[in-house]
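Counting from 104, one number per residue, gives the positions in the sequence shown under this note's numbering. Cβ atoms here follow ideal geometry from the backbone N, Cα and C, with glycine treated the same way.
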Amino acid sequence: MAAVGDARTRRAAVREGAATERDANAVTRADIIRHGETPALVDPARVDPARVDSKPADSALAASALADSARVDAALADAAPVDSALADPPLADPAFRADVLAGLSRRPRAIPARWFYDRRGSELFEDITRLPEYYLTRTERSILSAHAADIASLTGSGRAVVEFGSGSSAKTPLVLSAVAPSAYVPIDISGEFLRDSVAELERQFPKLPIHPIEGDFMHRLVLPAALANQPRLGFFPGSTIGNMNAPAAVDLLRAMWETLGEGSKLLIGIDRIKPVSVLIPAYDDAQGVTAEFNLNLLHRINRELGGTIPVSAFRHVARWNDTEARIEMHLEATRDVSFSVDGRPFAISKGKTIHTENSYKYGPRDARLLLRSAGWTPIGEWTDREGLFGLILAEARAVPAAP
Ligand code: AVJ
104 MAAVGDARTR RAAVREGAAT ERDANAVTRA DIIRHGETPA LVDPARVDPA
154 RVDSKPADSA LAASALADSA RVDAALADAA PVDSALADPP LADPAFRADV
204 LAGLSRRPRA IPARWFYDRR GSELFEDITR LPEYYLTRTE RSILSAHAAD
254 IASLTGSGRA VVEFGSGSSA KTPLVLSAVA PSAYVPIDIS GEFLRDSVAE
304 LERQFPKLPI HPIEGDFMHR LVLPAALANQ PRLGFFPGST IGNMNAPAAV
354 DLLRAMWETL GEGSKLLIGI DRIKPVSVLI PAYDDAQGVT AEFNLNLLHR
404 INRELGGTIP VSAFRHVARW NDTEARIEMH LEATRDVSFS VDGRPFAISK
454 GKTIHTENSY KYGPRDARLL LRSAGWTPIG EWTDREGLFG LILAEARAVP
504 AAP
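#1: Go ahead and pull the three-state DSSP assignment for L463.
#2: Taking only heavy atoms of the ligand AVJ into account, decide whether any of them is closer than 7 Å to the Cβ of N346.
#3: If I follow the unbroken alpha helix (DSSP H) through F199, where does it start and stop?
#4: Mind checking whether E243 and A385 have CB atoms under 8 Å apart?
#5: Answer with buried or exposed for R488, where buried requires no fewer than 16 other C-beta atoms within 10 angstroms of its C-beta.
#6: Determine the direct distance from the alpha carbon of L370 to that of I495, and round the result to whole angstroms.
#7: Starting from the Cα of T275, find the closest Cα among S245, N332, E295, G294 and give me that residue.
#8: For the candidate residues W479, I344, S380, L491, whose alpha-carbon lies nearest to that of E460?
#9: For the ligand AVJ, is there a heavy atom less than 7 Å away from the beta-carbon of M321?
#10: Considering only C-alpha positions, which residue in the set R217, R468, P197 is nearest to N399?
#11: Nearer than 7 Å: is that true of the beta carbon of I135 relative to any heavy atom of the ligand AVJ?
#12: By Cβ distance, which residues of its chain are closer than 8 Å to L401, with the 5 residues on each side in sequence left out?
#13: Pick helix, strand or coil for D376, following the three-state DSSP scheme.
#14: For E498, which residues from the same chain have a beta carbon less than 6 Å from its beta carbon, with the 5 sequence-adjacent residues on both sides left out?
#15: Which residue's Cα is closest to the Cα of R210: I451, A505, A504?
#16: If you draw a straight line from the C-alpha of T393 to the C-alpha of L239, how long is it?
#17: Helix, strand or coil: which one does DSSP assign to F339?
#18: Could you pull the DSSP bridge partners for H458 from this structure?
#19: From the DSSP secondary-structure annotation, give me the bridge partner or partners of D291.
#20: So is the beta-carbon of S342 under 7 Å away from any non-hydrogen atom of the ligand AVJ?
#21: Do A263 and V282 have their C-beta atoms closer together than 8 Å?
#22: CB of L239 to nearest heavy atom of the ligand AVJ: below 7 Å?
#23: Roughly how many angstroms lie between the CA atoms of L330 and L324, to the nearest whole one?
#24: Considering only the beta carbon of each residue, do A470 and I373 sit closer than 8 Å?
#25: In chain order, what residues of the same chain lie with their CB nearer than 8 Å to the CB of V444, ignoring the 5 residues before and after it?
#26: Expressed to the nearest angstrom, what Euclidean distance is found between the alpha-carbon atoms of E484 and L257?
#27: According to DSSP, K368 sits in a beta bridge with which residue or residues?
#28: Within 7 Å: the Cβ of S462 and any heavy atom of the ligand AVJ?
#29: Is the beta carbon of E229 closer than 8 Å to that of F338?
#30: Please list the terminal residues of the continuous beta strand (DSSP E) segment that includes F449.
#31: Going by DSSP in three states, V325 sits in which element: helix, strand or coil?
#32: Helix, strand or coil, according to DSSP, for H402 in the structure here?
#33: What are the boundary residues of the alpha helix (DSSP H) that E361 is part of?
#34: Tell me the residue span of the alpha helix (DSSP H) that contains T240.
#35: Assuming the contact rule is C-beta atoms closer than 8 Å, I136 and P284 should be a hit. Round their C-beta distance to whole Å, please.
#36: Output the distance between the C-alpha atoms of D253 and V278, rounded to the nearest integer angstrom.
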């Protein structure tokens, strides 16, 4: 998963973008379509951000976040060059501020997981994917490579592959080499990640047309006109769907159905329910990388929102909630603390937590029901020897009336 809306990352990207235009080697042949440039590109009403788990109900602000950052980017691009990084404090994303202030004010305290992914958070997540305890990434990759031929025979060749939240696109080459696609459309909220991964994929697949879209896949998108008559294959790996509660997951899968259209297929990775003895270490590793990932959110608040949070007074907690079938991550106060964020005072007593992430797990039947609930009919399913992780291929069918 890629960085989401980090102001400094965006600003760096603006500066790098200016440099890149002068460097012919660094220019990709694909132009990135930016969400917001095409008026018809997005229907923000389609998915209600308030229904994403732990999301405070301040959805109007959240919905305007991308528009705001686009304006910020435009303003920065127009501004005189700024050379001194020291004279250049991080620019706070208004949606981040709103989510943090609302999240610390409500009970239980909760801040949406999307704010983990500033530059440091994205790096830490990459480190997590390489941890011995974090089986998800490695298992999904091994399922993909072991069953590539089988997957390809069910998807059929010549489809446009649309990847939702492409991020660093680490698993993409496996799919692209298997299904002989007609085009590739990576969608990601971070233009910086898109540029890097598109440049790399262009080297590996020189003949493949690539149409990157910088935007939020939580909303319905209009695909590039070049794809008009091509059959589509959606790709949504990594169990990213696990961050959403059931209503939000169904909304998202429906938005994908609408984006891709009837007759399309979707290859989706969904992590499975398994013994707590395997789940907990995956989210509380021996090296403490996941703890650092979680605690980085507090550092980010201090850096970008003028926070005074004593980070060392918090500890990382990972719990299995069996009723909800989810891993929860929290930050627990180890003593009574008080601090301010953006000039507003907060206090948290010892033992209380800030809920920072949910990672839902699905049994094989649960996962298929989730897909069917959004109009996706499962037509193929693959797993590893231990049944840790599920990769499901589903088809967008018009849902028939009940018999
Ligand atoms: C990116 C949402 C799939 O839930 O496993 C990893 C995020 N958080 N370790 C997951 C995460 C802590 C990850 N997803």
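Taking the geometry as given:
#1: As a working note, residue 463 is residue 360 in the sequence shown. Looking at the sequence provided, one finds Tyr at residue 463 rather than Leu. Y463: strand per DSSP, three-state reduction.
#2: To locate residue 346, count along the sequence shown from 1; it is residue 243. Yes, the Cβ of N346 comes within 7 Å of a heavy atom of the ligand AVJ.
#3: In the sequence shown, residue 199 corresponds to position 96, counting from 1. First-last of the alpha helix (DSSP H) with F199: 197-208.
#4: Start at 1 with the first residue of the sequence shown, and residue 243 comes out as number 140. Start at 1 with the first residue of the sequence shown, and residue 385 comes out as number 282. Taking 8 Å as the Cβ cut-off, E243 and A385 do not qualify as a contacting pair.
#5: Counting from one through the sequence shown, the residue named residue 488 turns up at place 385. Flag for R488 reads exposed.
#6: Position 392 of the sequence shown, counting from 1, holds the residue named residue 495. Position 267 of the sequence shown, counting from 1, holds the residue named residue 370. If you take the alpha carbons of I495 and L370, they lie about 6 Å apart.
#7: Within the sequence shown, the letter at position 172 stands for residue 275. Closest by alpha carbon: S245.
#8: Along the sequence shown, one-based indexing puts residue 460 at 357. The residue with the shortest Cα to Cα distance from E460 is I344.
#9: Looking up residue 321 in the sequence shown gives position 218. Because no heavy atom of the ligand AVJ lies under 7 Å away, the Cβ of M321 does not count as near it: no.
#10: One-based indexing of the sequence shown puts residue 399 at position 296. The option with the nearest alpha carbon to N399 is R217.
#11: Reading the sequence shown from its first residue, position 32 is the one you call residue 135. No.
#12: If you number the sequence shown from 1, residue 401 lands on position 298. Hits under 8 Å: G410, I412, V414, F417, L434.
#13: Residue mapping note: residue 376 aligns to position 273 of the sequence shown, counting from 1. One point to set straight first is that residue 376 is Ile, not Asp, in the sequence displayed. Here I376 sits in coil by DSSP.
#14: Within the sequence shown, residue 498 is the residue found at index 395, counting from 1. Closer than 6 Å at Cβ, skipping near neighbours: K368, T480, I482.
#15: Mapped onto the sequence shown, residue 210 falls at position 107. The option with the nearest alpha carbon to R210 is I451.
#16: Position 290 of the sequence shown, counted from the first residue, corresponds to residue 393. Position 136 of the sequence shown, counted from the first residue, corresponds to residue 239. About 14 Å.
#17: On the sequence shown, residue 339 is found 236 positions in, with the first residue counted as 1. Residue state, collapsed to three classes: strand.
#18: Taking the first residue of the sequence shown as position 1, residue 458 is located at position 355. BP columns for H458 point to A213, H433.
#19: As a working mapping, residue 291 is identified with position 188 in the sequence shown. Partner(s): E317.
#20: Along the sequence shown, read from residue 1 onward, the residue named residue 342 stands at position 239. S342: yes, Cβ under 7 Å from the ligand AVJ.
#21: As a position in the sequence shown, residue 263 is number 160, starting the count at 1. As a position in the sequence shown, residue 282 is number 179, starting the count at 1. No, they are not a contact pair.
#22: For this step, residue 239 is matched to residue 136 along the sequence shown. Yes, the Cβ of L239 comes within 7 Å of a heavy atom of the ligand AVJ.
#23: Translated into positions along the sequence shown, residue 330 becomes position 227. Translated into positions along the sequence shown, residue 324 becomes position 221. If you take the alpha carbons of L330 and L324, they lie about 13 Å apart.
#24: Locating residue 470 in the sequence shown gives position 367, counting from the first residue. Locating residue 373 in the sequence shown gives position 270, counting from the first residue. It is a contact, given that the beta carbons lie within the stated cut-off.
#25: On the sequence shown, position 341 is the one that residue 444 refers to. Closer than 8 Å at the Cβ level, and outside the excluded window around V444, lie V203, L204, L207, I404, L408, G409, G410, T411, I412.
#26: Translated into positions along the sequence shown, residue 484 becomes position 381. Translated into positions along the sequence shown, residue 257 becomes position 154. Using only the alpha carbons, I get a separation of about 10 Å.
#27: As a first step, residue 368 is located in the sequence shown; it is residue number 265 there, counting from the start. Partner(s): L336, E498.
#28: Here residue 462 is taken as the residue at index 359 of the sequence shown, counted from 1. It does: the Cβ of S462 is within 7 Å (strictly closer) of some heavy atom of the ligand AVJ.
#29: On the sequence shown, position 235 is the one that residue 338 refers to. On the sequence shown, position 126 is the one that residue 229 refers to. Against a cut-off of 8 Å, the Cβ pair of E229 and F338 comes out as no contact.
#30: Position 346 of the sequence shown, counting from 1, holds the residue named residue 449. Taken as a continuous stretch (DSSP letters only), the beta strand (DSSP E) holding F449 covers 447-451.
#31: For the purposes of this step, residue 325 is taken as residue 222 along the sequence shown, with counting starting at 1. Note: V325 maps to coil in three-state DSSP.
#32: Mapped onto the sequence shown, residue 402 falls at position 299. Helix at H402.
#33: As a working note, residue 361 is residue 258 in the sequence shown. Start and end: 349-363.
#34: Here residue 240 refers to the residue found at position 137 of the sequence shown. 238-249 is the extent of the alpha helix (DSSP H) around T240.
#35: For the purposes of this step, residue 136 is taken as residue 33 along the sequence shown, with counting starting at 1. For the purposes of this step, residue 284 is taken as residue 181 along the sequence shown, with counting starting at 1. Actually they are not in contact, since the Cβ atoms of I136 and P284 sit about 18 Å apart, beyond 8 Å.
#36: For the purposes of this step, residue 253 is identified with residue 150 of the sequence shown, where counting begins at 1. For the purposes of this step, residue 278 is identified with residue 175 of the sequence shown, where counting begins at 1. C-alpha separation (whole angstroms): 12 Å.
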